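Q: If you count by the working numbering, then the sequence shown holds residues 598 to 1158, one letter each, in order. Cβ atoms here follow ideal geometry from the backbone N, Cα and C, with glycine treated the same way. Source: prediction; values computed, not measured.
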Amino acid sequence: MEGKEATPHGTHPGREIDDPTDTSTEEGVVSACGMFRARRALVAACVTVVAATGVVGLRPFDAPAPRALADVGAAGSANSGSANSGSANLEPTDAVDLTEAADVTHDSSDAANAPARGASAIDSTRFEDVRDAVVARSEPVDLSSLSYAEAYRALWLRIQDGTDLLERHRGELSDATAAFELARAELTTAARHQDRADVESVRSGHDLDDAARDLYMAGSTAVGAAFQALSGSPEDVLASIDSVRYVTSAGDSETLDFERATAEAARLKDATAVARDWVEAKRDAVESVQESLTIVRQQVASDRESLNALIATASAGTEVGPDGCATSVPAGTVPDGVDIQYLCRTAVNDAATPQAQLAVQWALIHLGAPYACEGVGRLNDWVFDCSSYVSRAYAEGAGLDTAGADWAPTTRNMLPWGGASLDAYYEVIEPEDLAPGDLVLYDTCTAEEKDEGECDYRHVVMYLGEQAPGMGPLMAHTNACGEVSRVVPFTGTDTANFLGARRVVASKKELKAAGLWEPIDRDGPEVTEFPESSDSSESPESRDVTGIQEIEPGKPEERVF
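1) Straight-line CA distance for P1066 to D947?
2) Could you check the C-alpha separation between E1063 and I962 for me, to the nearest Å?
3) Go ahead and pull the three-state DSSP assignment for D1048.
4) Who does G1097 pair with in a DSSP beta bridge?
5) For G759, count neighbouring Cβ atoms within 10 angstroms of its own Cβ and tell me buried if that reaches 16, exposed if not.
6) Pop quiz: T930 and G965 are said to be a contact at Cβ under 8 Å. What is the actual Cβ separation, rounded to whole angstroms?
7) Thinking T1043 and R1055 are a contact (beta carbons under 8 Å), I'd like their distance in whole angstroms, please.
8) Considering Cα atoms alone, identify which of A751, R734, L763 is closest to S742.
9) Rounded C-beta distance between L997 and E1107? I'm assuming under 8 Å.
10) Measure the alpha-carbon distance for D1159 versus A969 and round it to whole angstroms.
11) For a test of the three-state rule: what should DSSP assign to F1087, helix, strand or coil?
12) Three-state secondary structure (DSSP) at M1011?
13) Determine the direct distance from the alpha carbon of V1102 to that of E1024, and round the result to whole angstroms.
14) With a threshold of 8 Å on Cβ separation, who are the neighbours of C983 within its own chain once the five nearest residues in sequence on each side are excluded?
15) Using a Cβ cut-off of 7 Å (strictly closer), state whether E877 contacts chain D.
16) With which residues is R1055 paired in a DSSP beta bridge?
17) Excluding five sequence neighbours on each side, which residues of the same chain lie with their C-beta closer than 8 Å to the C-beta of L940?
18) Rounded C-beta distance between A748 and T869? I'm assuming under 8 Å.
19) In terms of alpha-carbon separation, which member of Q938, A911, G914 lies closest to A923?
20) Between the alpha carbons of V897 and S985, how many angstroms are there, rounded?
21) What three-state label does DSSP hand S850 in the structure shown?
22) Quick one: give me the first and last residue of the beta strand (DSSP E) that V1025 is part of.
23) Measuring only the C-alpha atoms, how far is E1046 from C1052?
24) I need the DSSP call for E888, collapsed to helix, strand or coil.
25) As a quick exercise: from D1020, L1036, D795, S1018, pick the residue whose alpha carbon is nearest that of I1026.
26) Taking the straight line between their C-alpha atoms, what separation do you get for V987 and N905?
27) Going by Cα to Cα distance, which pick from P951, G1079, L976 is closest to G1034?
28) Report the three-state DSSP secondary structure of G1016 (helix, strand or coil).
29) Out of F981, V886, A1098, point me to the one whose CA is closest to E764's CA.
30) For T915, does the count of other Cβ atoms within 10 angstroms reach 16, so buried, or fall short, so exposed?
31) Identify which residue in H790, P1086, V731, G994 has its Cα closest to the Cα of I756.
32) Select from A911, L1038, E1049, V1081 the residue whose C-alpha is nearest the C-alpha of T1090.
33) May I have the straight-line CA-CA distance separating V1081 from S899, to the nearest angstrom?
34) Could you check the C-alpha separation between L1012 and P1028 for me, to the nearest Å?
35) For the beta strand (DSSP E) containing A992, name the first residue and the last one.
36) Among V945, S889, A746, which has the Cα closest to the Cα of G921?
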């Protein structure tokens, strides 16, 4: 309008300005509009009630404090300052970055849903079961009253429990980290939308100021009355309802825009606060799991040290007499009442072959060795599974080629099964011919497993015979994770899962090398001259004059194991 541009400060002709907030003058309106910006929440509250019900009342409203438009716009155009402030105090950890805010863009519906998602996702009990498990195993296991075999099993089970707990922790840490990243993205999005809403609130506030000023410039006295009322007490507002209604109707579009913008800014402020709480909760969850993970790692490492120390005492504590029989073995590796030295001497005396005698001594000296779970370490010095235990007894104890430094057969070659061939060292014998040192094989698979083709294992033990008449036969074996090689009552040959008995026999070459093979005179004096034969390739050295089949074991890679 020309009058506004020609009059300094917008002074209305013919009016004096006594009161800086006198709304009867244009300058007073400008001053009142400054006050009006500060009381914008009150206007929005009054307008809302008037428009909806026609009844005036004052409703408290926590509108965001006005910011300079340039400042708000800058905050909205960059990664949200609110998002950064929400994560700036998150301390870094070794495994998860908890500091850098994610730059993730979502549509406005994500910000609207952030409070609901945040509230439902904050679950303080999510990791309680894992933390409880850590607390439950915090006390060291008491081994003082346990035998060696019992202590080994207790420690082994504790290590397995700790290993399983570590796996659970890794899964929980992955879930907690993913939840934290989602929460951090939601915080960034919510803060960005909040800044945009703040910008819109400031803009609509300016529009409402301009609309009020334009009403006054158009000569409306109701505007002045409304400003006077708003600067006074609530009773003044109630007394000037007509003026407020006039402002509502005359500036309806600007007022409603301001109301919506202010309400949206407040709603998104709440959404940002919930998103920030969500980030904090997810950060706490990540840190809690990481702390528990560290504790469990330390516990498992300590348990492994204890187990290794226990195993060392077993191997070092086994004592051997001058006859090669054990005189002392780790506690819990033989049944109560069994004298290990007497058992060894009895078994050696009753063994079928010299090699069986040596194998029995070796097997009893190696009682207490850990079982090679899933075959891991079965060739180590003090670790066995069932087949490496008996085959190494004959290889390391009796000098046969039944195992090597980097190989050992399985029950496939002793039975045989699984498409393997019967190794020539394992001679089939009848159950009634069993003698100490002989091997007995059992089926350890259920009928269902065999029908489904899932059975890929059998079991083999070393028969030891009876320590004394009437006491029942015994056997040496190792058969389960967490167990050690030990002597137990013989399972027998009349059970449903009995598969067969085998005697380990030396080859002719090995017998000669040991000085244990001599020709047998079947028809009189030893023949030193042989008549010519149609088979000129036959020689005295290659003729079988003993009835013993010569076995050429060959190298390990040439044999099927």
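A: Short version:
1) Each residue's Cα considered, the two are about 13 Å apart.
2) Distance from the CA atom of E1063 to the CA atom of I962, rounded to whole angstroms, is 18 Å.
3) Three-state DSSP puts D1048 in a helix.
4) Beta-bridge partners of G1097 (DSSP): L1038.
5) G759 counts as buried, since no fewer than 16 other beta carbons sit within 10 angstroms of its beta carbon.
6) Confirmed, about 5 Å.
7) That belief does not hold up - the Cβ atoms of T1043 and R1055 are roughly 13 Å apart, past 8 Å.
8) Checking every option, the nearest Cα to that of S742 belongs to A751.
9) Contact flag correct, Cβ pair sits at about 6 Å.
10) Since the displayed the chain opens at 598 and closes at 1158, residue 1159 lies outside it and no answer follows.
11) Three-state result, F1087: coil.
12) Residue state, collapsed to three classes: helix.
13) Counting only the Cα atoms, V1102 lies some 7 Å from E1024.
14) Result list for C983: T1008, H1056, V1057, V1058, H1074, T1075, N1076, in chain order.
15) Protein chain content of the structure displayed is limited to a single chain, and chain D is not contained in it.
16) Answer is D1040.
17) Only V931, L961, L1061, Q1064, L1071, V1084 meet the Cβ criterion.
18) Between T869 and A748 the Cβ distance is about 57 Å, and since that is not below 8 Å, they are no contact.
19) The residue with the shortest Cα to Cα distance from A923 is Q938.
20) When rounded, the distance between both Cα atoms is 28 Å.
21) Of the three classes helix, strand and coil, the one that applies to S850 here is helix, per DSSP.
22) Here the beta strand (DSSP E) through V1025 covers 1023-1026.
23) Distance between E1046 and C1052, taken at the CA atoms: about 5 Å.
24) Looking at E888 - three-state DSSP - the assignment turns out to be helix.
25) When each option's Cα is compared against that of I1026, the closest is L1036.
26) V987 and N905 have their alpha carbons spaced roughly 24 Å apart.
27) Relative to G1034, the option among P951, G1079, L976 whose CA is nearest is P951.
28) DSSP places G1016 in coil when its eight states are reduced to three.
29) Each of F981, V886, A1098 was checked against the Cα of E764, and the nearest Cα belongs to V886.
30) T915 is buried by the Cβ-count criterion.
31) When only C-alpha atoms are compared, the closest one is V731.
32) Checked all of A911, L1038, E1049, V1081; the closest Cα to T1090 is L1038.
33) For V1081 and S899, the distance between alpha carbons rounds to 21 Å.
34) In a straight line, the C-alpha of L1012 is about 14 Å away from that of P1028.
35) Careful: A992 lies outside any beta strand (DSSP E) and carries neither H nor E.
36) G921 has its Cα closest to that of V945, out of V945, S889, A746.
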